[in-house]
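Per the UniProt record's numbering, the very first residue in the sequence shown carries number 1; after that it's consecutive.
Don't be surprised by glycine CBs; every beta carbon is placed ideally from N, CA and C.
Some notes on the structure that comes next.
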Amino acid sequence: MSEVLEFVGEPFDAAAFTEPVPPPPPPPAPSPVRSRGGAGGGMAEAIRDLRSSLVDAHASALGAQAALQRLMLASHRSPATEQAPTTAATAGFGPAVSGSAASAAPALVVAAEGAFKPLARTGITRLDGGQLARLADGDIAGVFGWAYDQDGANPAVRLGAGGPLALTSVEAIELRGGAHGMGRVAASCAPGDLVAAAVQAAQLFALHTGLHLCLAGATFTVREAGRVDARGTERAGTVEVEVTGIDLLPRPWVRVDATFSDGGQVRDLVVALQEAPGALVGPARGGVPSTWLGRKSAAGERAMLSEFHMTHLSRGDQGIALGPEFAHYTGRKATRLPTGGLLLVDRVINVDGARGKLDGATYETEYDAHADSWYFADTANASMPNCVYMETSLQAALLIGYHLGPTLTAPEATMSLRNLGGTATVLREVDLRDKTIRQRSELLATTILPGSSLQSFAYELSADGEPFYRGETMFGYFSDEALGNQTGLDAGKHRPTWLDEQSPRPATLRIDIAGRRADPAARLTSRGTLALLDHVDVVDGGGRYGQGYLHAVRPIDPGDWFFQRHFHLDPVIPGSLGVESVIQAMQEWLLASGHADTLTDPEFIVPADLPFTWKYRGQFLPTDCESTLEVHIKEVRHSPGRVRVVGEASMWKPGLRIYELEDIAIELRSAELRGARR
Numbered sequence: 001m002s003e004v005l006e007f008v009g010e011p012f013d014a015a016a017f018t019e020p021v022p023p024p025p026p027p028p029a030p031s032p033v034r035s036r037g038g039a040g041g042g043m044a045e046a047i048r049d050l051r052s053s054l055v056d057a058h059a060s061a062l063g064a065q066a067a068l069q070r071l072m073l074a075s076h077r078s079p080a081t082e083q084a085p086t087t088a089a090t091a092g093f094g095p096a097v098s099g100s101a102a103s104a105a106p107a108l109v110v111a112a113e114g115a116f117k118p119l120a121r122t123g124i125t126r127l128d129g130g131q132l133a134r135l136a137d138g139d140i141a142g143v144f145g146w147a148y149d150q151d152g153a154n155p156a157v158r159l160g161a162g163g164p165l166a167l168t169s170v171e172a173i174e175l176r177g178g179a180h181g182m183g184r185v186a187a188s189c190a191p192g193d194l195v196a197a198a199v200q201a202a203q204l205f206a207l208h209t210g211l212h213l214c215l216a217g218a219t220f221t222v223r224e225a226g227r228v229d230a231r232g233t234e235r236a237g238t239v240e241v242e243v244t245g246i247d248l249l250p251r252p253w254v255r256v257d258a259t260f261s262d263g264g265q266v267r268d269l270v271v272a273l274q275e276a277p278g279a280l281v282g283p284a285r286g287g288v289p290s291t292w293l294g295r296k297s298a299a300g301e302r303a304m305l306s307e308f309h310m311t312h313l314s315r316g317d318q319g320i321a322l323g324p325e326f327a328h329y330t331g332r333k334a335t336r337l338p339t340g341g342l343l344l345v346d347r348v349i350n351v352d353g354a355r356g357k358l359d360g361a362t363y364e365t366e367y368d369a370h371a372d373s374w375y376f377a378d379t380a381n382a383s384m385p386n387c388v389y390m391e392t393s394l395q396a397a398l399l400i401g402y403h404l405g406p407t408l409t410a411p412e413a414t415m416s417l418r419n420l421g422g423t424a425t426v427l428r429e430v431d432l433r434d435k436t437i438r439q440r441s442e443l444l445a446t447t448i449l450p451g452s453s454l455q456s457f458a459y460e461l462s463a464d465g466e467p468f469y470r471g472e473t474m475f476g477y478f479s480d481e482a483l484g485n486q487t488g489l490d491a492g493k494h495r496p497t498w499l500d501e502q503s504p505r506p507a508t509l510r511i512d513i514a515g516r517r518a519d520p521a522a523r524l525t526s527r528g529t530l531a532l533l534d535h536v537d538v539v540d541g542g543g544r545y546g547q548g549y550l551h552a553v554r555p556i557d558p559g560d561w562f563f564q565r566h567f568h569l570d571p572v573i574p575g576s577l578g579v580e581s582v583i584q585a586m587q588e589w590l591l592a593s594g595h596a597d598t599l600t601d602p603e604f605i606v607p608a609d610l611p612f613t614w615k616y617r618g619q620f621l622p623t624d625c626e627s628t629l630e631v632h633i634k635e636v637r638h639s640p641g642r643v644r645v646v647g648e649a650s651m652w653k654p655g656l657r658i659y660e661l662e663d664i665a666i667e668l669r670s671a672e673l674r675g676a677r678r
């Protein structure tokens, strides 16, 4: 069968852009999210798994409710429109702008997992006196680019607070520079007050990273004056500023150490942004801000909620994040977004729905996939790994479902959020580095049960106005008692792995993943935070389909990095990382099998046009000693320049099968086909 190959998009360039570009075009009209049903086995099945006495009544009502909701949503959808294509530089986090001190593009420095994520990006890393004067006048967008524009929401945010400038030029602003990798500023300064120069250098770094963009009506303040050695204040000189801390909580702040060429020092200086007394920083009662809070979308729309609110929802004040009705959840075990590098939703753009009305809502969110993100460096894939496809889409989907208030019916109860399953399809191959992912989600149905509640969603993700990922999913909110009574996928019965069922036990071949990963030159292997397996055992020709069988056991360490991220005060292994470990086992098998030996410069991608279904009926806790996975190779499909492997998989915690994956797939394709449609 012949194939027509069509190249889509531009090759990725990791360098920052230094040419001026126009503001982004308006976002396209929302395209419909296609509901296909069957999110991980269906709502009714999930309810049966909970074994509630009200199952039958709720299941019937819920099925009718979901069907009615789908019909209503379909009847109100507007036709999709095309958006003018944009370059990677217009992804909402900062093109460079022209100017006398525009700098050459720096080399890409990978951000460590958990590193601070700037709210905006620019290629401007050097500033002359004229540009500093414009920052002192409050013309931040004029210096750094349109991604820093706030329509005048922060007139008092100015370099030096409108006073005399202590800095005369800036030779370097490095986002990941310095001994701590948190940032560095090198500048020339006028004679006089060292503290003023250090404060302005800290303010400059705060502006460069966009800390001001998540507030309106804010001003710079010195939160901690630090320790000062005031030697060498009489002559002009230079200052080296190291960033030693930066965060958005409780308000955006940056901590620096400054060293001057004449020997003066300022240590532990903290500069923060603070709203005016009595000003709103989050939604009002009902979940909608009464006034715009200063943040714009990648396309220039006024956003409803920002990175500031997402961070508060993950580990801060839920009242600031979602409104005063949620304030009592602060500091206790409750539903949250993940933290650190696993927080993969940035902004809520709009919501069509109302708190307390749980029968449907539509909403749009954004996530900026910066090219220096840890997962691009750690994955074996040519672009984004599957686990980030899953995490960003599921986090955005659940966000407004929680915002609408299903847990507020019993506000004093302790409820934990868990994904129960879903089906998702990659629609096209796209390199997502330095793209803004725009997601449109729909809450299809909600049902409230004793000790739990369930919500189902449909969602569609787009980049540059074109959809690339679509799915449905279901989440549950569970009391501690309901979580403790989960019985897995097999009604509490022990189901052994295929390998353990065989008598006599077949011979296995071990693939040493850790050994291959130890070679820095080894290609196509996951590393760092995504090094999830050390080995996998293979039965050639084994498994349910006689195509091959994979088996792996991974010890669980309570100190594993993801427990601190997912979730705050409620640690479990993210389901997406369980899926990712299965994918890694399949990738290593494909490389070892010889099926891909004829490919030229092969690269792993997430396969397109194949629905993948997952079902979760349990959780991996820090106290579980190990996880076990098995994969039944179902199909190995060859086409020109490509090899695709499809499988079925399960995962066990000790004594209980809790994950089931249908049509999980990997693909290797030659680099020459990069960006081509199948």
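Reduced DSSP secondary structure (H/G/I, E/B, other) of residue i
i: GLU412; result: coil
i: LEU577; result: helix
i: HIS76; result: With a pLDDT of only 37 at HIS76, under the threshold of 50, the placement of this residue in the model should not be trusted; the figure read from the coordinates follows. Here HIS76 sits in coil by DSSP.
i: TRP146; result: helix
i: GLY356; result: coil
i: ASN381; result: strand
i: GLY675; result: coil
i: ALA463; result: strand
i: MET651; result: strand
i: ASP663; result: strand
i: ASP490; result: helix
i: TYR402; result: helix
i: PRO496; result: coil
i: ALA419; result: In the sequence under discussion, the amino acid at residue 419 is Asn, which differs from the Ala named in the question. In this structure, ASN419 counts as strand in the three-state DSSP scheme.
i: CYS214; result: helix
Endpoints, beta strand (DSSP E) assigned at residue i
i: GLN274; result: 265-275
i: TYR363; result: 361-369
i: GLY245; result: 237-247
i: THR227; result: The question names Thr, yet the displayed sequence has Arg at residue 227. It spans 227-229 - the beta strand (DSSP E) in which ARG227 sits, taken as one unbroken run.
i: GLN439; result: 435-449
Distance CB(residue i)-CB(residue j) smaller than 8 angstroms
i: ALA236; j: GLY264; result: no
i: residue 686; j: PHE308; result: In this structure the chain extends from 1 to 678, so residue 686 is not present and cannot be described.
i: ALA197; j: VAL254; result: no
i: ALA371; j: ARG433; result: yes
i: ALA424; j: SER393; result: yes
i: PHE468; j: ARG440; result: no
i: residue 679; j: LEU342; result: What the structure shows of the chain is the stretch from 1 to 678, and residue 679 is not part of that stretch, so it cannot be assessed.
i: VAL241; j: VAL256; result: yes
i: ALA303; j: LEU313; result: no
i: ARG295; j: ARG347; result: yes
i: LEU610; j: ASP663; result: yes
i: residue 681; j: ILE140; result: Outside the displayed span of the chain (1 to 678) sits residue 681, for which this structure offers no information.
i: ALA166; j: VAL271; result: no
i: VAL170; j: VAL157; result: no
Buried versus exposed call for residue i [16 or more other C-beta atoms within 10 Å across all chains shown]
i: VAL645; result: buried
i: GLN318; result: buried
i: SER639; result: exposed
i: GLN587; result: buried
i: GLN150; result: buried
i: SER576; result: buried
i: SER290; result: exposed
i: LEU454; result: buried
i: LEU509; result: exposed
i: ARG51; result: Note that ARG51 scores 47 on pLDDT, short of 50, meaning its location in the model is unreliable; the coordinates nonetheless yield the value given after this. When all chains shown are included, ARG51 counts as exposed.
i: GLN502; result: exposed
Cβ distance (whole Å) where residue i is taken to contact residue j below 8 angstroms
i: LEU668; j: ALA552; result: Their Cβ separation, rounded to whole angstroms, is 20 angstroms, which puts LEU668 and ALA552 out of contact at 8 angstroms.
i: ILE658; j: ARG617; result: 5 angstroms
i: residue 682; j: VAL538; result: Summary: the structure shown does not reach residue 682, with the chain confined to residues 1 through 678, and so no result is reported for it.
i: LEU420; j: GLY353; result: Not quite, the Cβ-Cβ distance comes to about 22 angstroms (not below 8 angstroms), so this is no contact.
i: GLU275; j: LEU215; result: 6 angstroms
First through last residue of the alpha helix (DSSP H) which encompasses residue i
i: MET474; result: Premise fails: MET474 lies in the beta strand (DSSP E), 466-479, not in any alpha helix (DSSP H).
i: PHE220; result: No alpha helix (DSSP H) contains PHE220, which is instead part of the beta strand (DSSP E) from 218-224.
i: SER314; result: 307-315
i: ALA198; result: 194-208
i: LEU132; result: 129-136
i: ILE124; result: Counting along the chain, ILE124 falls outside any alpha helix (DSSP H), and DSSP gives it neither H nor E.
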